[in-house]
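Mapping of the sequence shown onto this note's numbering: residues 5 to 131, in sequence order. We treat Cβ as the ideally placed atom computed from N, Cα and C, and that holds for glycine.
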Amino acid sequence: MHIRSIVLAAGFSLAATPALANHKTFGAIAFSQDSGAYASTWGHTTREGAEATALTACTEKGPGCKVVIWARGACAAIATSPSYGFGAKWAPERGRAEIKALKTCLEYNDTCEILTSMCTNDSSNTQ
């Protein structure tokens with residue numbers, strides 16, 4: 005039931021959030037399977053800039069960070085399990101990215117939740 009509610013919430017997000025992607029900007033999400041630390045960034049003009057910013061911000065929160073997903077003109081999401089297993093995916097809309105990340109995470113873990121998601125040009129993004 006818990007997983008179903010997460011998927012339904014992600015589906016609602018899909019319906020409520022238009023594609024706000026800017027095809028000229030990049031974003032990235034970094035995550036640590038060691039500590040659970042994470043960071044996301046968006047609005048960068050290069051992939052390298054997005055990845056470096058996400059990695060630096062994540063490393064400030066904990067050890068073992070790696071860039072797990074990047075996007076250009078799209079949205080990205082990461083879903084994690086209590087043991088720091090994860091699934092990270094991208095899609096044109098935030099809701100679709102979240103659903104894909106949850107499905108990937110659940111292929112390898114019993115329980116998963118969305119940790120964070122972002123769109124490359126969306127002022128509603130949060131850490």
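Neighbour-count burial assignment, Thr45, 16 or more Cβ in a 10 Å radius: Taking the first residue of the sequence shown as 1, we reach residue 45 at position 41. Thr45 is buried by the Cβ-count criterion.
Nearest-angstrom beta carbon gap, Cys79 and Ala101 [assumed within contact, 8 Å]: Here the question's residue 101 lines up with position 97 in the sequence shown. Here the question's residue 79 lines up with position 75 in the sequence shown. About 4 Å separates the two Cβ atoms, so the contact holds.
Cβ-Cβ separation, Gly66 to Ser85 (assumed contact under 8 Å), whole Å: The count along the sequence shown starts at 1 and reaches residue 85 at position 81. The count along the sequence shown starts at 1 and reaches residue 66 at position 62. Not confirmed; about 17 Å, so no contact.
Pairwise C-alpha distance: Gly99 and Ile118: The residue given as residue 118 occupies position 114 in the sequence shown. The residue given as residue 99 occupies position 95 in the sequence shown. Going by the C-alpha atoms only, they are around 11 Å apart.
Spatially closest choice to Thr108 from Ala43, Thr124 and Ala81, by CA coordinates: Numbered from its first residue, the sequence shown carries residue 108 at position 104. Relative to the Cα of Thr108, the nearest Cα in the group Ala43, Thr124 and Ala81 belongs to Ala81.
Contact under 7 Å by Cβ, Ala105 with Ala83: Translated into the one-based positions of the sequence shown, residue 105 becomes position 101. Translated into the one-based positions of the sequence shown, residue 83 becomes position 79. When the beta-carbon positions are compared, Ala105 and Ala83 come within less than 7 Å of each other.
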